[in-house]
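Input: a single structure, listed below in C-alpha coordinates.
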Amino acid sequence: MSIFRLIAPFVAAGLIAGLPASAAEKKQVTWSTVFGPVLQRSEVKSAGHVMSLQTRQDITSSSDPDWDGAVFVVSGVADVLDGNGPISGCGTRTHKNGDQSFICYQGTTKRSGDAVAAEGTVELRGGTGKFANLKGKGTFTGTAKGATVTAEVEY
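Take 162 as the starting number for the sequence shown in the numbering used here and just add one per residue.
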(Lines of atoms letter the chains of each structure in order from A and count residues from 1; the text may use other names and numbers.)
(Lines give C-alpha, C1' and ligand atoms only; values in the text may rest on other atoms or scores of the structure.)
Protein backbone atom coordinates (compact mmCIF):
# COMPACT_ATOMS: atom_id res chain seq x y z
CA MET A 1 0.00 0.00 0.00
CA SER A 2 1.40 3.39 -0.94
CA ILE A 3 1.94 6.16 1.56
CA PHE A 4 -0.50 8.30 -0.44
CA ARG A 5 -3.33 5.83 0.23
CA LEU A 6 -2.54 5.92 3.92
CA ILE A 7 -2.50 9.70 4.34
CA ALA A 8 -5.03 10.78 1.67
CA PRO A 9 -8.10 10.42 3.93
CA PHE A 10 -6.43 12.49 6.67
CA VAL A 11 -5.38 15.21 4.22
CA ALA A 12 -8.87 15.33 2.72
CA ALA A 13 -10.48 15.48 6.19
CA GLY A 14 -8.16 18.33 7.17
CA LEU A 15 -8.99 20.28 4.02
CA ILE A 16 -12.71 19.78 4.40
CA ALA A 17 -12.67 20.66 8.12
CA GLY A 18 -10.83 23.88 7.28
CA LEU A 19 -13.57 25.11 4.93
CA PRO A 20 -16.12 27.54 6.36
CA ALA A 21 -19.68 26.23 6.53
CA SER A 22 -20.90 29.31 4.70
CA ALA A 23 -19.37 32.70 4.15
CA ALA A 24 -21.04 35.61 5.93
CA GLU A 25 -22.56 38.23 3.68
CA LYS A 26 -21.03 41.68 4.20
CA LYS A 27 -22.84 44.72 2.88
CA GLN A 28 -23.88 48.29 3.54
CA VAL A 29 -27.55 48.70 4.36
CA THR A 30 -29.55 51.90 4.63
CA TRP A 31 -33.03 51.97 6.09
CA SER A 32 -35.49 54.59 7.20
CA THR A 33 -37.75 54.21 10.17
CA VAL A 34 -41.04 56.03 10.62
CA PHE A 35 -41.76 56.37 14.32
CA GLY A 36 -44.90 54.41 15.10
CA PRO A 37 -47.24 54.22 18.04
CA VAL A 38 -45.90 54.64 21.54
CA LEU A 39 -46.54 51.42 23.46
CA GLN A 40 -45.39 52.74 26.82
CA ARG A 41 -43.97 56.06 28.10
CA SER A 42 -42.81 57.29 31.48
CA GLU A 43 -41.30 60.70 32.05
CA VAL A 44 -40.27 63.12 34.74
CA LYS A 45 -40.21 66.86 33.97
CA SER A 46 -38.61 69.61 36.02
CA ALA A 47 -37.55 73.13 34.96
CA GLY A 48 -36.90 72.31 31.30
CA HIS A 49 -35.29 68.97 32.15
CA VAL A 50 -37.05 65.82 30.89
CA MET A 51 -36.03 62.26 31.70
CA SER A 52 -38.04 59.70 29.75
CA LEU A 53 -38.33 55.99 29.03
CA GLN A 54 -40.34 55.06 25.97
CA THR A 55 -41.19 51.93 23.98
CA ARG A 56 -42.41 52.35 20.40
CA GLN A 57 -43.31 50.18 17.41
CA ASP A 58 -41.74 51.54 14.22
CA ILE A 59 -41.86 50.45 10.57
CA THR A 60 -38.68 50.09 8.49
CA SER A 61 -38.35 50.82 4.77
CA SER A 62 -35.27 49.93 2.74
CA SER A 63 -34.28 49.07 -0.81
CA ASP A 64 -32.73 45.90 0.67
CA PRO A 65 -35.44 43.19 0.81
CA ASP A 66 -33.94 41.70 3.99
CA TRP A 67 -34.69 44.93 5.86
CA ASP A 68 -37.72 46.39 4.06
CA GLY A 69 -41.03 46.13 5.88
CA ALA A 70 -39.53 45.02 9.19
CA VAL A 71 -41.30 45.97 12.41
CA PHE A 72 -38.99 47.51 15.01
CA VAL A 73 -39.97 47.50 18.70
CA VAL A 74 -37.51 49.77 20.47
CA SER A 75 -37.13 51.02 24.03
CA GLY A 76 -35.09 54.13 24.69
CA VAL A 77 -34.14 56.61 27.34
CA ALA A 78 -33.56 60.33 27.04
CA ASP A 79 -32.15 62.81 29.52
CA VAL A 80 -32.63 66.20 27.91
CA LEU A 81 -32.46 69.80 29.09
CA ASP A 82 -34.39 72.28 26.93
CA GLY A 83 -34.52 69.64 24.17
CA ASN A 84 -30.78 68.86 24.14
CA GLY A 85 -29.12 65.79 25.59
CA PRO A 86 -28.20 62.12 25.36
CA ILE A 87 -30.46 59.37 24.02
CA SER A 88 -29.91 55.61 23.94
CA GLY A 89 -31.81 52.38 23.60
CA CYS A 90 -32.10 48.89 22.17
CA GLY A 91 -34.70 47.06 20.16
CA THR A 92 -35.75 44.00 18.21
CA ARG A 93 -36.52 44.19 14.51
CA THR A 94 -38.82 41.42 13.23
CA HIS A 95 -38.18 40.90 9.52
CA LYS A 96 -40.86 39.81 7.04
CA ASN A 97 -39.70 36.16 7.20
CA GLY A 98 -40.07 36.13 11.03
CA ASP A 99 -36.34 36.25 11.78
CA GLN A 100 -35.25 38.90 14.27
CA SER A 101 -32.25 41.23 14.55
CA PHE A 102 -31.11 43.15 17.60
CA ILE A 103 -29.83 46.72 17.54
CA CYS A 104 -28.69 49.28 20.12
CA TYR A 105 -28.13 53.00 19.61
CA GLN A 106 -26.71 56.00 21.40
CA GLY A 107 -26.59 59.62 20.41
CA THR A 108 -27.74 63.12 21.15
CA THR A 109 -30.80 65.18 20.44
CA LYS A 110 -30.69 68.91 19.72
CA ARG A 111 -33.51 71.44 19.59
CA SER A 112 -33.42 74.51 17.40
CA GLY A 113 -36.65 76.48 17.75
CA ASP A 114 -39.47 74.00 17.13
CA ALA A 115 -37.24 71.56 15.23
CA VAL A 116 -35.63 68.55 16.89
CA ALA A 117 -32.70 66.69 15.33
CA ALA A 118 -30.82 63.64 16.54
CA GLU A 119 -27.64 61.85 15.51
CA GLY A 120 -25.56 59.02 16.81
CA THR A 121 -24.27 55.50 16.33
CA VAL A 122 -25.87 52.07 16.08
CA GLU A 123 -24.56 48.59 16.77
CA LEU A 124 -26.20 45.45 15.43
CA ARG A 125 -25.77 42.50 17.79
CA GLY A 126 -27.09 39.15 16.58
CA GLY A 127 -30.57 37.83 16.14
CA THR A 128 -32.39 34.67 15.09
CA GLY A 129 -32.47 32.62 11.89
CA LYS A 130 -30.67 34.39 9.05
CA PHE A 131 -29.51 37.10 11.48
CA ALA A 132 -28.16 34.78 14.22
CA ASN A 133 -24.57 35.89 13.53
CA LEU A 134 -25.41 39.50 12.67
CA LYS A 135 -22.85 42.11 13.55
CA GLY A 136 -22.36 45.62 12.35
CA LYS A 137 -21.99 49.29 13.13
CA GLY A 138 -23.33 52.46 11.63
CA THR A 139 -24.73 55.93 12.13
CA PHE A 140 -28.16 57.51 12.29
CA THR A 141 -29.75 60.90 11.82
CA GLY A 142 -33.26 61.69 12.87
CA THR A 143 -36.08 64.13 13.41
CA ALA A 144 -39.14 64.06 15.65
CA LYS A 145 -40.87 61.80 13.05
CA GLY A 146 -38.25 59.23 12.11
CA ALA A 147 -34.65 58.25 11.56
CA THR A 148 -32.35 57.05 8.77
CA VAL A 149 -29.63 54.50 9.50
CA THR A 150 -26.65 53.48 7.38
CA ALA A 151 -24.68 50.50 8.65
CA GLU A 152 -21.98 48.08 7.54
CA VAL A 153 -23.39 44.66 8.42
CA GLU A 154 -22.32 41.04 8.22
CA TYR A 155 -24.61 38.03 8.56
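Glycine included, each C-beta is placed from N, C-alpha and C at the ideal position.
Remember, predicted model here, so these are calculated numbers, not experimental data.
A contact between stretches requires three or more CB pairs, one per stretch, nearer than 8 Å, and the segment 191-209 meets this requirement with the segment 303-312.
In this model, G209 and N245 are separated by some 10 Å (Cα to Cα).
Secondary structure at K187: strand, using DSSP grouped into helix, strand and coil. Contact annotation, V232 with G250: C-beta distance approximately 16 Å; criterion of less than 8 Å not satisfied. Residue range A276 to G288 is occupied by the beta strand (DSSP E) that includes A279. Here D227 is buried. Its C-beta has 16 or more other C-beta atoms within 10 Å. Between T270 and A279, the gap from beta carbon to beta carbon is short of 8 Å.
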